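Just so we're on the same page, my numbering is the position in the sequence shown counted from 1, plus 16. Ideal Cβ positions, reconstructed from N, Cα and C, are used throughout, including at glycine. Predicted model only: the values in this text are computed from it and were never measured. Step one of this worksheet: look at the structure below.
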Amino acid sequence: MRYLPHTDADRRAMFAKIGVASIDDLFAVVPAAARLGAPPSLPLRAGELEVERELSRMAARNVAAASVPFFIGCGAYRHHVPATVDHLIQRSEFLTSYTPYQPEISQGTLQVLFEFQTQVAMLTGMQVANASMYDGSTAAAEAVLMAHRITRRNKAVVSGGVHPHYRDVIETLSRHGGHRLACLAADAKGAEDVTAAIDGETSCVVVQNPGFFGDIRDLSPIAAAAHAKGALLIVVVSEAVSLGLIISPGEMGADIVAAEGQSIGNGLNFGGPYVGLLAAREKFVRQMPGRLAGQTVDADGKRGFVLTLSTREQHIRREKATSNICTNAGLCALAFSIHMTLLGEAGLRQLAAINHANACDLADRLANVRGVTLLTARFFNEFTLRVDGDAAAIIDRLAARGILGGVPVSRLLPGRKDLADLIVVAATEMSSEQDRAAYARALGEVLA
C-alpha cells in the first residue's frame, strides 16, 4: 500500500463505502494457510543489478528440463517445438488487434482462430470448437457449466481418473455456483464404475482419457449409460498428442470435449500460459463459452472472418453470460495451429506412434527393476509405477542423480496415504534410448 497515492483518510473512506474494516478483510476468502503471516525474508530494497544477481543465483538451483533425462508429465509434457513455430508467431500478419472486435483490421487474428477451431474439431471428433480457453482445467470446468445449462440439471459426476488440478477447478466453480458434485475416488487400478454413479439427476459425467494414471479406456459404454439417463458425457484430454493415435472422444460418444493443447506448439513455460481446447456437438453451440470465429464474405464477395455467436450480454450483462471467460489464449492457440499445420495428419500420427513406442520401451525397462510394479495395462505415453518405498523420496534421490523420474502421486493427492508409493511416468519423443536406459539404471540403484 505504501506505493499507492492514497492517504489514510482516503483508505478509510473506501473501506467504509464497501463495508470492510481493513485491507485484510478483502482477502478473507483466501484460506489462512495460503496467506503469508509476515513479509518474505527478502531485502526491503536493492539495486537492479543486485536483484538480477540474486534471482540468477536462485534460478541456478533449479534443474532445467532440457539438461537431464526428463520423464515428468501429469498434464505438462516436454515435446519438441520446431523453431519455425516461434518464427512464424512473430510475423506481422498475426500481430493484429488483440481483441478482434473490428474485423476489418483483425483478419490475421480471426483467420488463425477459424483455422484453429477447425483443427480442434477434427482432432476431437466433434462438430464445433471455440477459439480456445485459458487452459485445460478451466475448459473442463466451463464444460461442466455448459452441460448444466443444456440439461437444466446441476449435478456432475467426476471420474477419479480426472487430473486432481482439473477436479479442483471444477469443484471451485461448482461450489460458488451452487452446483452439486459427485467425485469418485482416484483408483490407480482403473477399477472404478462410473456408470453406477449416474442417476436421473445427473447433468454430466466427466471422464479423462488417457486418465490421470495413464490408463486408456473405451468410453462408449459410459456415453451410452449417460445418454440413457439424459446426461452428457464430457471427455477431458490432458495430452493432446494422444489424439493422433487413440480413437477420438467424438467417435466414442462424447458430447463435449475439454483438453489441454500445451503439448502441441507450446513449451513447458514453468506451467503456463497454456491453451485450453473446447469442442462440442453442433446442437450445443449456443451454449459454448468464450469466442467463436466464423467465415463469411464481405460486400465485394471476398472471403472474410468475423467473431460470431458472441452475444453482447457476455460482455456487459454478467447475469446473462454463458461464461465469465470472454477472451482466448490467442498466442498459444496460434502456436498450436502452426505446429499442427506443420505436422499434418500423417505427422501427428507418426509423432504419437513414437511417443507410444518410447513409453512402451521405458515401461518394459522399469518393470524389470527389482522393487517396481507396472500398474497401467494400456497406456499412450504415460503410466503408473508402484515402488518399494516412499515415491516422493525416491523421486528426490533420482533427481540427485540427474534424472527427473516423474511425478509422485502424493504431490497431487497428498491426503491419500495408500497412493504414496506411486509414480506417474511419461516418455515423449524427447526421451532417447540413452535417457531411458539411464533411468532404469538409476532407479535400480536407488531401490537397491
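(Q) Less than 8 Å between CB atoms is the rule here; does Asp24 satisfy it with respect to chain B? (A) The chain inventory of the structure shown lacks chain B, comprising one protein chain alone.
**Q.** Local Cβ density within 10 Å of Met17, reported as buried at 16 or more and exposed below that
**A.** Bear in mind that the predicted position of Met17 carries a pLDDT of just 47, short of 50, making it unreliable; the figure below should be weighed with that in mind. Residue burial annotation: Met17 is exposed, with fewer than 16 other C-beta atoms found within 10 angstroms of its C-beta.
**Q.** Unbroken stretches of the beta strand (DSSP E), 3 residues or longer, contained in the stretch 100-136
**A.** Those beta strand (DSSP E) runs which fall completely within the stretch 100-136 and span 3+ residues do not exist here.
**Q.** Alpha carbon of Pro21 to alpha carbon of Pro180, nearest angstrom
**A.** So the two alpha carbons sit approximately 42 Å from each other.
**Q.** When Leu401, Arg457, Ser448 and Val36 are compared against Phe228, the one with the closest alpha-carbon
**A.** For the residues Leu401, Arg457, Ser448 and Val36, the minimum Cα distance to Phe228 belongs to Leu401.
Q) Around the C-beta of Thr125, are 16 or more other C-beta atoms found within 10 angstroms, so that it is buried, or is it exposed? A) So Thr125 counts as buried.
**Q.** The alpha helix (DSSP H) enclosing Ile410, as first and last residue numbers
**A.** Start and end: Ala407 to Ala416.
Q: Could you tell me which uninterrupted beta strand (DSSP E) segments, each at least 3 residues in length, are contained entirely in the stretch 183-238, listed from first to last along the chain?
A: For the stretch 183-238, whole beta strand (DSSP E) runs of length 3 or above, ordered along the chain, are 196-199 and 218-224.
Q) Which word fits Thr343, buried or exposed, when buried means at least 16 other C-beta atoms lie within 10 angstroms of its C-beta? A) With fewer than 16 neighbouring CB atoms inside 10 Å of its own CB, Thr343 falls in the exposed class.
Q. Going by alpha carbons, who is nearest to Glu445 out of Ala156, Leu459 and Val97?
A. The shortest Cα separation from Glu445 among Ala156, Leu459 and Val97 belongs to Val97.
Q: Rounded to whole angstroms, what's the CA-CA distance from Gly431 to Pro226? Just pull it up for me.
A: Whole-angstrom Cα-Cα distance: 23 Å.
Q. Among residues of its own chain, excluding the 5 on either side of Ile105, which ones have a beta-carbon nearer than 7 Å to its beta-carbon?
A. The answer, listed in chain order, is Leu347, Leu350, Ala351 and Ile354.
Q. In terms of residue numbering, what span does the alpha helix (DSSP H) encompassing Arg381 cover?
A. First-last of the alpha helix (DSSP H) with Arg381: Gly346 to Ala383.
**Q.** Same chain, Cβ closer than 7 Å to Thr392, five either side skipped, listed in chain order
**A.** Cβ within range, chain order: Phe229, Gly230, Asp231, Phe399 and Thr400.
Q: State buried or exposed for Pro47, treating a residue as buried only when at least 16 other CB atoms are found within 10 Å of its CB.
A: Counting Cβ neighbours within 10 Å, Pro47 comes out exposed, since fewer than 16 surround it.
**Q.** Nearest neighbour of Ala75, chosen from Ala368, Thr312 and Phe286 [CA to CA]
**A.** For the residues Ala368, Thr312 and Phe286, the minimum Cα distance to Ala75 belongs to Phe286.
(Q) So, for Ala270: in the same chain, excluding its five sequence neighbours on each side, which residues have a beta-carbon less than 6 Å away from its beta-carbon? (A) Excluding five sequence positions before and after Ala270, the CB atoms of its chain that fall closer than 6 Å to its own CB belong to Leu249 and Val251, given in chain order.
Q. For Phe3, is the classification buried or exposed, using 16 other Cβ atoms within 10 angstroms of its Cβ as the cut-off for buried?
A. What the structure shows of the chain is the stretch from 17 to 464, and residue 3 is not part of that stretch, so it cannot be assessed.
Q | Three-way DSSP call (helix, strand, coil) for Val257 in this model | A | Residue state, collapsed to three classes: helix.
Q) Can you list the beta strand (DSSP E) stretches of 3 or more residues lying completely in the stretch 54-84, in chain order? A) If we require 3 residues or more, the stretch 54-84 turns out to have no beta strand (DSSP E) run fully inside it.
Q.
Classify Pro56: buried if its beta carbon has 16 or more other beta carbons within 10 angstroms, exposed otherwise.
A. With fewer than 16 other Cβ atoms within 10 Å, it is exposed.
Q: Going by CA-CA distance only, name the one from Glu120, Val462 and Ala202 that's closest to Arg386.
A: Answer by Cα proximity: Val462.
Q: Check whether the Cβ atoms of Gln278 and Arg165 lie closer than 8 Å to each other.
A: Taking 8 Å as the Cβ cut-off, Gln278 and Arg165 do not qualify as a contacting pair.
(Q) What ranges does the beta strand (DSSP E) occupy inside the stretch 236-318, keeping only unbroken runs of at least 3 residues that lie completely in it? (A) Considered as a whole, the stretch 236-318 harbours 248-253, 272-276, 292-296 and 308-313 as its complete beta strand (DSSP E) runs of no fewer than 3 residues, in chain order.
Q: Specify the secondary structure class of Phe43 as computed by DSSP and reduced to three states.
A: Three-state DSSP puts Phe43 in a helix.
Q) Is the number of C-beta pairs between the stretch 281-297 and the stretch 116-124 that are closer than 8 Å three or more? A) These segments do not touch.
Q: May I ask you to verify whether the stretch 185-196 touches the stretch 306-316, counting CB pairs closer than 8 Å and requiring at least 3?
A: Taking one beta carbon from each stretch, the stretch 185-196 and the stretch 306-316 have fewer than 3 pairs nearer than 8 Å; the two do not touch.
**Q.** Euclidean distance between Cα positions of Met417 and Gly194
**A.** According to the sequence provided, residue 417 is Arg. The question's Met does not apply to it. So the two alpha carbons sit approximately 48 Å from each other.
Q.
Going by DSSP in three states, Asp24 sits in which element: helix, strand or coil?
A. Correct three-state label for Asp24: helix.
Q. Among Val322, Phe395, Ala456 and Asn340, which residue has its Cα nearest to the Cα of Gln127?
A. Answer by Cα proximity: Val322.
Q. What is the DSSP secondary structure of Met142, reduced to helix, strand or coil?
A. Looking at Met142 - three-state DSSP - the assignment turns out to be coil, as it is neither helix nor strand.
Q: Please state whether DSSP places Ile341 in a helix, a strand or coil.
A: Three-state result, Ile341: coil.
(Q) Could you compute how far the alpha carbon of Met356 sits from the alpha carbon of Phe86? (A) A straight line joining the alpha-carbon of Met356 with that of Phe86 spans about 24 Å.
Q: Determine the burial state of Asn78: buried for a count of at least 16 other Cβ atoms within 10 Å of its Cβ, exposed for fewer.
A: Looking at its Cβ environment, which holds fewer than 16 other Cβ atoms inside 10 Å, Asn78 is exposed.
Q. Quick one: what does DSSP say Met17 is sitting in, helix, strand or coil?
A. Here the model assigns Met17 a pLDDT of 47, short of 50, so the residue's position is not dependable, and the following value carries that caveat. DSSP, reduced to helix, strand and coil, places Met17 outside both helices and strands of the structure shown, so it counts as coil.
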